[in-house]
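Input: a single structure, listed below in structure tokens.
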Amino acid sequence: MKKLVSVLLIAAIVILGSCGTLKKSNASSNSTSLNDELKDRNRANISLLQRITQMRGVVLHNNLPVINKTANSFASAGNQEPLYVLNNQVIGNSFHSINEIIENYNVKKITILTGADAASYGSQGSNGVIKIVSY
Numbered sequence: 088m089k090k091l092v093s094v095l096l097i098a099a100i101v102i103l104g105s106c107g108t109l110k111k112s113n114a115s116s117n118s119t120s121l122n123d124e125l126k127d128r129n130r131a132n133i134s135l136l137q138r139i140t141q142m143r144g145v146v147l148h149n150n151l152p153v154i155n156k157t158a159n160s161f162a163s164a165g166n167q168e169p170l171y172v173l174n175n176q177v178i179g180n181s182f183h184s185i186n187e188i189i190e191n192y193n194v195k196k197i198t199i200l201t202g203a204d205a206a207s208y209g210s211q212g213s214n215g216v217i218k219i220v221s222y
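Each residue of the sequence shown is one higher than the one before, counting from 88 in the numbering used here.
Written out as structure tokens, the structure reads:
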């Protein structure tokens, strides 16, 4: 009888101790999906310019997005704008042209390419490439 009671007591402790716990992988995937869902819901409220400037390495220069490559990259004159590519179609080096073509809520993914990754676009991609994928 004592043995049965102790087994039941241990089983109760194990059951109660494991309630409310998540595996680490499940917890991270849940937070990732929540972040993706929140971004998806708010994509209509955030302008394309804001979404691009939130990306790592992108700064505003004369109210245009520019990929900041080095500390003195703004010293040289000329067009500093990156190349814009929409759904693997080269649009050009003007933010205004890409902003007229696509609405901010249709943007699915934005990727910043620099260095060797941008070299496949030739001299147009010398200031970096902003790839945009739409829905």
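Glycine included, each C-beta is placed from N, C-alpha and C at the ideal position.
Limits of the unbroken beta strand (DSSP E) element including residue i
{"i": "residue 199", "result": "194-200"}
{"i": "residue 237", "result": "Since the first residue shown for the chain is 88 and the last is 222, residue 237 is missing from the structure and cannot be characterised."}
{"i": "residue 171", "result": "170-173"}
{"i": "residue 167", "result": "Taken as a continuous stretch (DSSP letters only), residue 167 belongs to no beta strand (DSSP E), as it is neither H nor E."}
{"i": "residue 209", "result": "From DSSP, residue 209 is part of no beta strand (DSSP E); its letter is neither H nor E."}
{"i": "residue 144", "result": "Here residue 144 belongs to no beta strand (DSSP E), and DSSP marks it neither H nor E."}
Residue i versus residue j: straight-line alpha-carbon distance, rounded
{"i": "residue 205", "j": "residue 216", "result": "6 Å"}
{"i": "residue 167", "j": "residue 195", "result": "25 Å"}
{"i": "residue 181", "j": "residue 144", "result": "18 Å"}
{"i": "residue 177", "j": "residue 189", "result": "13 Å"}
{"i": "residue 179", "j": "residue 208", "result": "11 Å"}
{"i": "residue 192", "j": "residue 136", "result": "12 Å"}
{"i": "residue 154", "j": "residue 139", "result": "10 Å"}
Range of the contiguous alpha helix (DSSP H) that encloses residue i
{"i": "residue 137", "result": "135-140"}
{"i": "residue 184", "result": "182-188"}
Under 8 Å between C-beta atoms of residue i and residue j
{"i": "residue 198", "j": "residue 156", "result": "no"}
{"i": "residue 214", "j": "residue 169", "result": "yes"}
Buried versus exposed, by CB contacts within 10 Å (16 or more), residue i
{"i": "residue 174", "result": "exposed"}
{"i": "residue 212", "result": "buried"}
{"i": "residue 171", "result": "buried"}
{"i": "residue 147", "result": "exposed"}
{"i": "residue 97", "result": "exposed"}
Residue i Cβ short of 7 Å to the ligand MN heavy atom set
{"i": "residue 148", "result": "Although the ligand MN was asked about, the structure shown includes no ligands whatsoever."}
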